[in-house]
Amino acid sequence: MVGITVVVAATVGLGVQAVHGAQAVSVQRQSTAARNASLDDAYYGCLDTQAHSLVSPNQSVTIYANNPADFIILLKTAGSWVTFADSPSSAAVQLSLRTVSGGGNACRSSVVVAHYATPQHGISERVGSGASVAGQGPPPAPPL
Amino acid sequence: MTTVPATIVAMLVLSTAGALPTMALVGLRWITFSLAPLTGAVIAAMAATVFLAVGGSFMGWFVALTAVGAALCVASWTRWPDRRPWADGSGSRPPSIRGHRMAGAIGALGIVVASVWCLRDLSTPTVGFDARTFWLLRSGWLLHSHHQLLIAMRAPSLHMGQSGYPPLVSAAGAVAWSVTGNQTMRLGVVVIALLNTCALATAAFALVELGRKFTARLSLSGHRSRTGFATSLPMIAGVVAGVLLILISFGINEPFMTNGYADPMWSLAALGAVVYGLQAGGGRSEQGVVAILVIAAGMTKYEGLVTAAILIVLVAIRQLTTMPADQWKRRWRRGPIAVGIAELAAVGAWPILMKILRTREPSSSRSSPDEMASRARAIYDSFGPYLHVLLLAVPIAVIGGLVLAKVRRRSHAANDWWAWAGLASGLGSVAGALIIGSQPIKPWLVATVHRVTEFPAMAGWWIVATWAVVASGAPAVADQQPTALPAATNAPEHEGPPGPGDIADPASSLVPAPTTPRAPGV
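First to last, the protein sequences are chains A and S. Going by our numbering, the letters in the first sequence line up with residues 33 to 176, in that order. Going by our numbering, the letters in the second sequence line up with residues -12 to 509, in that order.
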């Protein structure tokens, strides 16, 4: 009798939690979550394209940002593929993020900006190009 | 290459790299399929460690270590033919009865179907915050030159305290990116989600095996073979519990299961280590599973490393306590202590390397005793809502321990105390680090409590599921007592709750012992 009771209690508990689990899975597939994820993907894809338009292979890079949020955004954008400089002063390119109004060529009102230690063709600052995403501000942050 | 074919290629490469070592350690079982890519990921993590330590290239080391592992396996099988996976005496196969193999196949199928159903979440292209900021960021670093990797790991201007975290997830992502040429976050996330699922499926299948082995023992005990409904109940319960555990684990781990975070990986691998190391029979195959999972957990995250270290010690203690007296002299050489030391060396290599290289690490300052008390209270308040499973697991364990101890011994599941010790190891390592540390705790808890309680929550549900399988055999055990356990031929089992002496869990007398008992090792 005790055995049956334990089986029933445990199975009911497992079953109820499994239903919760199935619901948690479904939540991830809801339109809001999917839309936010797509927006996040598009935003970082856009910034990535802009960063690629500014940095040549093997150019040493440093990231400059006025606030931690911008620093993290740039790190997430290009951190996996750029060649980081030993120190900021030795970097050939300094990448930063700039907020622009209008946003014709911006990624949700942000553009990647490169400052070159040695001006290229007389230009020491360039703005990234090649992609844009409409809208204002970074997409909603995914769950931490 | 687009994401789907790239994922297939990446998983095939990881599985191929891990196939021979997995077969050598585990044998040919259903879980060999889910463990092979995890072993490949472990090899990738070791390649990352060696690459960072001595230079060369990451993929060069991955190929070299894969070749060395394969060569050692072949050499081992040549030198000791009885160790070949296809040879008899692996100690992992339960006796064959009607429906037994079918239960294994149905259980495996059910776990695969449930996993695929849950993996539908991958249709939402989420890339987690930490995955993009850190875990997959380092995948790219591993594909740079050694000089660049050292700069990235050390540069103070990057402000990344976590870059010194163990490398398994990043290394698996780097292998995927390298072999496919598809260096997207999306591919990394999908590969990590599949590796997480492999670890979960391995742990869940232990319930199927527990149930079908219990049924096999019930069927073969006594004077005649019994295959009635009552004896089949554990087999059915094992399949049901295994499938439910998949859904439960996805519920606990989502969205981190499918967005590239490392927490599910260490939590699920550690759960598997608890299951096979502290609950299943202590055979060679089980120890092989433990070796793979415990190293995977330890090479994924520092929380996993501390938990893995404690689990390694617990598994070694359990092995020593169950060791036959005539084998006690082998406790060092190729015995539990030697295996434990080797596993500790594997998981300890990365943090030692981080110390030597002086990469960024979290602050090691300590809080005062007064602060520790308030921090402990904050942790208790934060963890509580995520560990409600204990409200069910504790009473079931107490009742089961008091009333169903005899049934549990017949099932050959180890004493429940071992599972609780495993749960406490993960909970204690995380809570202990938070209590002792001096970082502001409340913001951290708000952001991460969901993730750091994954392991104890899943271990709690595993304890509940195990009792469901064990208790389902109670009617059959009660039915068999008068005829199946005559005093003259069966050792008397003492009544009452299990004590410390009951933790001994010798290999089943129904399972053929290996011809030459030995510890796992290739």
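Idealized CB from N, CA, C, for every residue including glycine. Quantities reported herein were computed from a predicted structural model and do not represent experimental measurements.
Apart from the five residues on each side of it in sequence, which residues of its chain come closer than 7 Å, Cβ to Cβ, to residue i?
i              : result
N246 (chain S) : T113, V114, G115, A118, V176
A109 (chain S) : The amino acid occupying residue 109 (chain S) in the given sequence is Leu; Ala does not appear at that position. Only V177, A180, T245 meet the Cβ criterion.
I299 (chain S) : V281, G327, E330, L331
A400 (chain S) : L197, Q266, T453, V457
F564 (chain S) : Here chain S covers residues -12 to 509 and nothing more, so residue 564 (chain S) does not appear.
If I measure Cβ to Cβ from residue i and keep anything under 6 Å in the same chain, skipping five residues before and after, which residues do I get?
i              : result
G269 (chain S) : Q306, T309
V37 (chain S)  : W48
V276 (chain S) : V13, Y263
P487 (chain S) : Residue confidence is low: P487 (chain S) scores 35 on pLDDT, short of 50, so the model does not pin down where it sits. Its coordinate-derived value is still stated next. So the list is empty, once near-sequence residues are dropped.
P221 (chain S) : G198, F201, T202, V456, S459, G460
F370 (chain S) : T440
Can you tell me the Cα-Cα spacing of residue i and residue j, whole angstroms?
i              : j                : result
A40 (chain S)  : S150 (chain S)   : 15 Å
P154 (chain S) : I297 (chain S)   : 20 Å
G168 (chain S) : M(-12) (chain S) : 7 Å
V0 (chain S)   : S44 (chain S)    : 17 Å
A325 (chain S) : R317 (chain S)   : 9 Å
P311 (chain S) : S112 (chain A)   : 52 Å
S361 (chain S) : A228 (chain S)   : 39 Å
L127 (chain A) : L71 (chain A)    : 23 Å
I423 (chain S) : I366 (chain S)   : 12 Å
I339 (chain S) : A295 (chain S)   : 16 Å
L86 (chain A)  : N240 (chain S)   : 39 Å
H133 (chain S) : A32 (chain S)    : 15 Å
A28 (chain S)  : F192 (chain S)   : 20 Å
W337 (chain S) : T346 (chain S)   : 11 Å
Span of the alpha helix (DSSP H) holding residue i?
i              : result
T113 (chain S) : From DSSP, T113 (chain S) is part of no alpha helix (DSSP H); its letter is neither H nor E.
S165 (chain S) : 155 to 167
S2 (chain S)   : -10 to 13
L410 (chain S) : 403 to 423
S272 (chain S) : 271 to 285
D313 (chain S) : Unbroken run through D313 (chain S): none, as it is neither H nor E.
L205 (chain S) : 172 to 207
V300 (chain S) : 289 to 308
A224 (chain S) : 216 to 240
R141 (chain S) : 133 to 141
F243 (chain S) : No alpha helix (DSSP H) holds F243 (chain S); DSSP gives it neither H nor E.
H84 (chain A)  : 63 to 84
W17 (chain S)  : 17 to 41
Go to residue i, then tell me how far its beta strand (DSSP E) extends in each direction, as first and last residue.
i              : result
V143 (chain A) : 142 to 152
E157 (chain A) : 155 to 159
L378 (chain S) : Premise fails: L378 (chain S) lies in the alpha helix (DSSP H), 377 to 390, not in any beta strand (DSSP E).
Q126 (chain A) : 125 to 131
T94 (chain A)  : 92 to 95
Which residue wins for smallest C-alpha separation from residue i, given the options the options?
i              : options                        : result
W128 (chain S) : S:V100, S:G160, S:W104, S:V13  : S:G160
G322 (chain S) : S:V103, S:V302, S:G42          : S:V302
R396 (chain S) : S:F201, S:G42, S:W122, S:V103  : S:F201
A101 (chain S) : S:D69, S:I(-5), S:T120, S:T184 : S:T184
G169 (chain A) : A:V51, A:A74, A:L107           : A:A74
L194 (chain S) : S:Y289, S:P(-8), S:G97         : S:G97
A598 (chain S) : S:L421, S:L182, S:V464, S:E273 : Residue 598 (chain S) is absent from the structure shown; chain S starts at -12 and stops at 509.
R438 (chain S) : S:L59, S:G238, S:L22, S:T346   : S:G238
M46 (chain S)  : S:V55, S:T65, S:A34            : S:A34
A90 (chain S)  : S:F121, S:T65, S:W17           : S:W17
One question on the structure: do residue i and residue j come within less than 8 Å of each other, judged by their Cβ atoms?
i              : j               : result
S13 (chain A)  : R158 (chain A)  : Residue numbering for chain A in the displayed model covers 33 to 176; residue 13 (chain A) lies beyond these limits and cannot be assessed.
T94 (chain A)  : A117 (chain A)  : yes
A384 (chain S) : D357 (chain S)  : no
G259 (chain S) : A186 (chain S)  : yes
G225 (chain S) : G198 (chain S)  : yes
A139 (chain S) : L130 (chain S)  : no
P443 (chain S) : L379 (chain S)  : no
A283 (chain S) : L25 (chain S)   : yes
V156 (chain S) : T287 (chain S)  : yes
V162 (chain S) : A(-3) (chain S) : yes
C105 (chain S) : L255 (chain S)  : no
V261 (chain S) : A465 (chain S)  : no
A392 (chain S) : T218 (chain S)  : no
Would you check whether the ligand MG has a heavy atom nearer than 7 Å to the C-beta of residue i?
i               : result
L(-1) (chain S) : Questions concerning the ligand MG fall outside what the structure shown contains, since it holds no ligand whatsoever.
Only counting the same chain, and skipping five residues up and downstream in sequence, which positions put a Cβ closer than 8 Å to that of residue i?
i                : result
S92 (chain A)    : T115, F116, A117, D118, S122, A123, A124, V125
L137 (chain S)   : L39, L344
S164 (chain A)   : C78, G135, G136, N137, A138, C139
V59 (chain A)    : A65
A408 (chain S)   : L265, L301
I386 (chain S)   : none
T(-10) (chain S) : N169, T171, R173, L174, V177
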